[in-house]
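> Heads up: the sequence shown at position 58 corresponds to 57 in numbering that gives the first Met the number 0, and the numbers run straight through without jumps.
Where a beta carbon is used, it is the ideal one built from N, C-alpha and C, also for glycine.
Note that the structure is predicted; figures quoted are calculated from it, not measured.
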Amino acid sequence: MKYIITESQNDNLKSLLKQVIKSKGLGKAIKSVNGFDNFFKIMDIDSPMDFLHLFDDLKKVESNEKADFVLFRYKPKHNLLVYDLINEWVYINHDEIWSVLGNHFGLNDGEKQGLTKEWLDEVYNLRGVTTFGLYIRNVKVLDEVYNLRGVTTSPQTSVSLFQSWMVFLV
Numbered sequence: 000m001k002y003i004i005t006e007s008q009n010d011n012l013k014s015l016l017k018q019v020i021k022s023k024g025l026g027k028a029i030k031s032v033n034g035f036d037n038f039f040k041i042m043d044i045d046s047p048m049d050f051l052h053l054f055d056d057l058k059k060v061e062s063n064e065k066a067d068f069v070l071f072r073y074k075p076k077h078n079l080l081v082y083d084l085i086n087e088w089v090y091i092n093h094d095e096i097w098s099v100l101g102n103h104f105g106l107n108d109g110e111k112q113g114l115t116k117e118w119l120d121e122v123y124n125l126r127g128v129t130t131f132g133l134y135i136r137n138v139k140v141l142d143e144v145y146n147l148r149g150v151t152t153s154p155q156t157s158v159s160l161f162q163s164w165m166v167f168l169v
């Protein structure tokens with residue numbers, strides 16, 4: 000069955016989906032329209048950069064836990080970007096952003112890094128950074144081994160073992 004959606008209705012739907020992304024996450028927004036294909040069509044996403052531009056309005060917050068981290072998010076405890084000021088690394092949420100660039104646009108890690116660096120430069124004025132996808136897991140290990148309490152973690156394979164553990168800070 001096909002539905003005809005007017006331009007006004009489409010704009011309202013886009014706005015609603017953007018609010019779902021901000022409040023519930025990308026996954027819920029995609030599920031609400033029965034998949035990526037419908038989501039991309041409704042949101043007029045034709046390229047990986049179009050997709051990244053969904054996240055142009057993240058709130059920039061200084062971390063309360065780690066002074067040299069800047070967090071980019073829509074809501075607390077759900078950081079989509081974490082900027083390490085010391086190392087000039089930007090950790091990008093794997094589930095919400097990084098994996099979509101690979102799985103749905105076919106980009107390899109080098110292409111993802113290049114594109115995300117361009118986007119971060121253009122939108123957030125972050126120049127000369129290195130970007131990584133951030134997996135969220137292994138909280139218990141960090142809690143026990145490094146005595147980090149109440150954080151969500153992520154291992155990175157691209158950097159040294161200790162530096163590869165990333166925390167989602169409050």
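1) Give the DSSP bridge partners of N78, in chain order.
2) Where does N11 fall in DSSP's three states?
3) Starting from the C-beta of S159, find all residues in its chain whose C-beta is less than 8 Å away, skip the five residues before and the five after it, and write them out in chain order.
4) Helix, strand or coil: how does DSSP classify L84 here?
5) Since L106 and I91 are thought to touch, with beta carbons under 8 Å apart, how far apart are those beta carbons, to the nearest angstrom?
6) Please work out which residues of its chain come closer than 7 Å, Cβ to Cβ, to V99, disregarding the five sequence neighbours upstream and downstream, and give them in chain order.
7) Please report the residue range of the beta strand (DSSP E) in which V60 lies.
8) Looking at the structure shown, is I96 part of a helix, part of a strand, or coil, going by DSSP?
9) For I44, collect the residues of the same chain with a Cβ closer than 7 Å to its Cβ; drop the 5 residues on either side in sequence, then sort them by chain order.
10) Between the C-alpha atoms of N78 and L57, what's the straight-line distance to the nearest angstrom?
11) In or out: D36 buried (at least 16 other Cβ within 10 Å) or exposed?
12) Can you grab the Cα-Cα spacing for the pair Y82 / F39, in whole Å?
13) Quick check on DSSP: helix, strand or coil for F172?
So, to answer that:
1) Position 79 of the sequence shown, counted from the start, is the residue given in the question as residue 78. R72, per the DSSP bridge assignment.
2) The residue you call residue 11 lines up with position 12 of the sequence shown. Note: N11 maps to helix in three-state DSSP.
3) Residue 159 sits at position 160 when you count from the first residue of the sequence shown. The predicted position of S159 is uncertain, since its pLDDT is 34 and thus under 50; no value can be drawn from it.
4) Numbered from its first residue, the sequence shown carries residue 84 at position 85. Coil at L84, not helix or strand.
5) Translated into positions along the sequence shown, residue 106 becomes position 107. Translated into positions along the sequence shown, residue 91 becomes position 92. Their Cβ separation, rounded to whole angstroms, is 12 Å, which puts L106 and I91 out of contact at 8 Å.
6) Taking the sequence shown and counting its residues from 1, the one referred to as residue 99 is at position 100. Listed in chain order, the non-local C-beta contacts of V99 below 7 Å within the same chain comprise F50, local neighbours out to five positions each way being set aside.
7) Counting from 1 along the sequence shown, the entry for residue 60 is found at position 61. For V60, the uninterrupted beta strand (DSSP E) segment begins and ends at K58 to E61.
8) Sequence index remark: in the sequence shown, residue 96 carries index 97 (1-based). DSSP places I96 in helix when its eight states are reduced to three.
9) Counted from its first residue, the sequence shown places residue 44 at position 45. The residues are F50.
10) Along the sequence shown, read from residue 1 onward, the residue named residue 78 stands at position 79. Along the sequence shown, read from residue 1 onward, the residue named residue 57 stands at position 58. Looking at the two C-alpha atoms, the distance is approximately 9 Å.
11) In the sequence shown, counting from the first residue as 1, residue 36 sits at position 37. D36 is exposed by the Cβ-count criterion.
12) Residue 82 sits at position 83 when you count from the first residue of the sequence shown. Residue 39 sits at position 40 when you count from the first residue of the sequence shown. Rounded to the nearest angstrom, the two C-alpha atoms are 28 Å apart.
13) There is no way to answer for residue 172, as the model of the chain reaches only from 0 to 169.
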